[in-house]
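Taking it in order: structure first as structure tokens, then the write-up.
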Amino acid sequence: MNLGGDMLPQYRQETPKTSPHIILHYSTFKTIWDWSILALTFYTAFMVPFNIAFKNRDQPGGGIDSVALMDSIVDVIFFADILLNFHTTFVGPGGEVVIEPSVIRHNYFKSWFLIDLLSCLPYDIFYMFKRDDERIGSLFSALKVVRLLRLGRVARKLDNYLEYGAATLLLLLCAYVLVAHWLACIWFSIGEHEVRLKIDNFNLPDGWLFRLANDLKTPYNLSISNKTRLAGGPTRTSAYISSLYFTMSCMSTVGFGNISSTTDYEKIFGVIMMIISALLYAAIFGHMTTIIQQMTSATVRYHDMISNVREFIKLQEVPQELADRVLDYCISTWAMTKGIDTQKVLGYCPKDMKADICVHLNRKVFNEHSCFRLASDGCLRSLAIHLDSNHAAPGDLLYHTGESVDALWFVVSGSLEVIQDEEVVAILGFFFKCISIFSNFLITGKGDVFGDEFWKNNGSTGQSAANVRALTYTDLHMIKKDKLMEVLSFYKAFANSFARNLVLTYNLTHRLKFRKVVDVKREKELDARRKNEKITLPQEHPVRKLLFRMRERHGPRIFPSPMFADIEKGLRRAPTDVSRVSSVHSMLDETNGLSSSLTKSPRTKQKRPPLLKRQTVDEDALSRTSWSESKTKGEREWSSLSNVRSEMKNKFDVINDRFAAVETINARLSNLEKLLTQALQLPPEGIIFSKITCNQKFQLALPQLYLLEVPRLTSSLAVTPWHLQRSKGASLGANRLHIHHTLGRHPHQPHIPRQQDLAFLGT
């Protein structure tokens with residue numbers, strides 16, 4: 001194979017500026033012209049020996065037959081090809097495209113000009129003018145063999161296709177048939193020469209063509225008209241087929257004997273033909289065997305790999321289930337890669353070309369994810385070099401729980417499932433996207449990404465909280481953490497865009513907290529049951545004892561029954577009406593004033609305050625007095641009242657006044673309940689409270705769905721469910737009623753007020 005300037009790759013990255021009469025060697029017109037010349041060269045290689053051997057061009061009318069006309073057209077086309085070659089560029093030894101006309105002409109004169117000129121000369125015209133002299137005509141006809149030199153140009157053009165096994169095999173078969181055709185034409189010429197000698201001297205032995213004519217009942221004779229010529233004999237078709245049959249049988253075997261050599265010339269040619277056939281047979285069919293082996297080498301390597309895997313499984317006694325998975329993976333991987341080692345092929349290429357190939361191999365990842373759109377060409381090439389392709393068969397585990405997540409994975413095709421605590425929490429790489437609320441797992445789509453956000457964690461490596469298993473045959477692209485961090489640290493601008501735009505479909509280091517459908521239904525049922533049931537305090541509860549004593553003394557209850565139940569059950573979902581907040585504040589002020597007056601002892605001689613004016617509560621005395629002391633003091637007071645009848649009348653007036661105050665509080669609380677119900681747009685059953693706690697900021701925390709803050713209750717009392725305790729260091733809060741909406745969050749999550757919730761905060 002020639003590795004000179006003609007074999008250099010014809011790069012077309014930039015079209016050179018040429019003169020109008022200069023033709024680029026890689027242009028479309030020149031390509032079509034070269035293939036036409038190639039086809040005509042094959043025609044010439046076939047017809048030239050045939051016309052020389054089976055020359056019979058005289059027609060009854062004295063004209064020229066169609067074969068001579070076709071040969072003349074081919075000669076004209078070959079002459080036009082010479083003119084085009086004087087104006088066609090070529091690739092120089094340094095790989096550059098030569099466009100200088102003088103250099104092109106000089107190069108063509110030194111290379112193929114003489115051979116092309118000899119092959120396009122009109123030898124048939126010379127033969128027509130020298131028809132009377134048969135020897136001169138035969139000489140000009142023999143000169144047409146020079147046209148076969150064009151086959152050298154054909155071989156030069158076909159060098160680019162010799163790396164393909166099928167093309168090489170086809171070319172070798174054509175070469176074998178073409179050589180057989182040439183030998184058949186020579187064999188017929190020898191037979192015809194022996195016939196002429198036989199007619200001149202009948203004592204000579206019969207040649208193969210003379211015997212064939214006698215066998216076909218078409219013997220040869222001499223025809224004497226203007227000149228003496230042979231007449232009779234087999235037809236041209238029969239003679240050519242017989243010649244080709246003999247040469248093919250001698251080239252492939254030792255012959256069958258029906259056509260044999262009898263004269264000296266025939267025997268000499270037979271020996272030469274056998275030598276040529278042996279060499280040609282060994283060269284062509286030996287090379288053909290190598291080509292067939294190369295074409296089937298992939299299949300041989302595949303069977304060799306499967307055989308080695310099965311021997312290993314048998315030797316190591318691998319369990320059947322695992323053995324099936326190993327075989328399945330090997331077969332699927334071979335089907336995707338065809339046994340070609342990508343890294344080995346990339347090792348043949350320089351760095352620049354290797355980066356271009358890697359960008360092409362990872363084009364799906366770069367096109368499907370928006371995080372790569374702002375990356376420069378250099379950044380994409382750096383990422384592409386570090387991206388590796390991986391294949392997974394159904395059932396293969398990519399990650400186990402507890403393994404280090406040290407890579408970022410891109411799903412190109414196939415699907416995977418993420419399993420946490422024996423529950424499927426996500427399906428990656430599916431053909432559609434949706435989020436399932438009721439089944440508690442995520443179904444994502446094509447182009448998914450999973451792994452860990454280590455570019456946000458300063459490159460730290462986390463542990464996988466779930467298993468990742470392939471559901472189908474999956475094609476993935478993966479980049480290691482160290483390689484990715486190296487690229488991000490070098491390309492700062494891309495690092496910011498990458499961290500902002502890349503969203504992991506599933507973060508393996510995060511543990512998913514979810515509830516089952518049964519648990520959600522059960523919680524709803526418990527909420528409905530808690531809402532409808534009547535909650536009562538135990539008999540020994542201090543607040544219940546206080547209320548029971550006040551009911552016995554004064555008859556009416558301080559709190560209405562619906563209000564009492566609603567306070568215990570907890571506040572439910574309702575938006576707040578800002579226009580009614582001021583009315584609620586005034587109602588709370590009046591209620592606090594009346595409740596503080598009830599904390600005074602019945603025996604305290606003190607002027608009754610106005611009904612709607614808030615009283616100051618003796619907080620220190622109330623904190624120092626326990627509920628047991630209050631009970632003993634009350635019993636002692638009632639015993640003293642039975643002995644001192646004179647004081648009963650005065651105390652009875654005080655009790656009547658307190659009773660009036662209780663009724664007023666009762667009415668105020670009922671109005672407050674209705675007002676809050678309307679302000680918060682609650683259902684008709686009213687306000688529903690759960691257990692209430694109060695921190696040092698006087699926030700009554702209702703952990704179910706709402707947070708209620710009433711700062712104007714007691715200034716320094718921390719209120720727990722139905723307990724009054726001393727809160728040291730407490731201070732008064734704001735003078736507004738704050739209700740923060742927390743609907744939609746989990747009951748055990750901390751409350752974070754939203755922007756629309758802050759609209760109710762006063763200044």
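According to UniProt numbering, the sequence shown is numbered sequentially starting from 1. Beta carbons are placed, not taken as given, at the ideal position from N, Cα and C, and that holds for glycine.
Within a Cβ cutoff of 7 angstroms, which residues of the same chain sit near residue i, ignoring the five residues on either side of it in sequence?
i, result
"residue 17", "none"
"residue 242", "212 and 259"
"residue 370", "501"
"residue 465", "401, 420, 508, 509, 510 and 511"
"residue 203", "none"
"residue 607", "At residue 607 the pLDDT is 47, less than 50, meaning the model places this residue with poor confidence and gives no usable figure here."
"residue 20", "none"
"residue 234", "212, 213, 216 and 218"
Whole angstroms are fine: how far does the CA of residue j sit from the CA of residue i?
i, j, result
"residue 546", "residue 511", "50 angstroms"
"residue 452", "residue 469", "17 angstroms"
"residue 340", "residue 361", "14 angstroms"
"residue 527", "residue 519", "12 angstroms"
"residue 93", "residue 192", "51 angstroms"
"residue 84", "residue 113", "11 angstroms"
"residue 250", "residue 280", "12 angstroms"
"residue 462", "residue 429", "23 angstroms"
"residue 372", "residue 406", "20 angstroms"
"residue 316", "residue 303", "20 angstroms"
"residue 148", "residue 337", "45 angstroms"
"residue 252", "residue 298", "30 angstroms"
"residue 266", "residue 54", "18 angstroms"
"residue 305", "residue 312", "11 angstroms"
"residue 327", "residue 29", "52 angstroms"
"residue 322", "residue 427", "24 angstroms"
"residue 395", "residue 472", "8 angstroms"
Given a threshold of 16 other Cβ atoms within 10 Å of its Cβ, counted over all protein chains shown, does residue i qualify as buried or as exposed?
i, result
"residue 81", "buried"
"residue 150", "buried"
"residue 49", "buried"
"residue 273", "buried"
"residue 275", "exposed"
"residue 632", "exposed"
"residue 43", "exposed"
"residue 181", "buried"
"residue 740", "Model confidence at residue 740 stands at a pLDDT of 34, short of 50, so the residue's coordinates are unreliable and nothing is read from them."
"residue 96", "exposed"
"residue 187", "buried"
"residue 37", "buried"
"residue 174", "exposed"
Helix, strand or coil for residue i per DSSP?
i, result
"residue 238", "helix"
"residue 671", "helix"
"residue 511", "coil"
"residue 388", "strand"
"residue 409", "strand"
"residue 300", "helix"
"residue 506", "strand"
"residue 664", "helix"
"residue 31", "helix"
"residue 475", "strand"
"residue 88", "strand"
"residue 381", "helix"
"residue 456", "coil"
"residue 233", "coil"
"residue 373", "coil"
Any heavy atom of the ligand GTP within a distance shorter than 8 angstroms of the CB on residue i?
i, result
"residue 259", "Looking for the ligand GTP in the displayed structure turns up nothing, as the structure carries no ligands at all."
Near residue i, which residues of its chain fall below 6 angstroms by C-beta distance, leaving aside the five closest residues on each side in sequence?
i, result
"residue 184", "243, 244 and 247"
"residue 454", "481"
"residue 410", "365, 449 and 477"
"residue 825", "Outside the displayed span of the chain (1 to 763) sits residue 825, for which this structure offers no information."
"residue 88", "23 and 25"
"residue 194", "207 and 263"
"residue 403", "464"
Starting from the C-beta of residue i, find all residues in its chain whose C-beta is less than 8 angstroms away, skip the five residues before and the five after it, and write them out in chain order.
i, result
"residue 385", "354, 355 and 358"
"residue 74", "40, 43 and 44"
Between the region 354–364 and the region 453–472, can you find at least three pairs of beta-carbon atoms closer than 8 angstroms? no
Validate contact between the region 331–346 and the region 385–402 using beta carbons, cut 8 angstroms, 3 pairs: yes
Decide yes or no for the touch test of the region 471–480 against the region 340–353: beta carbon pairs closer than 8 angstroms, at least 3 of them. no
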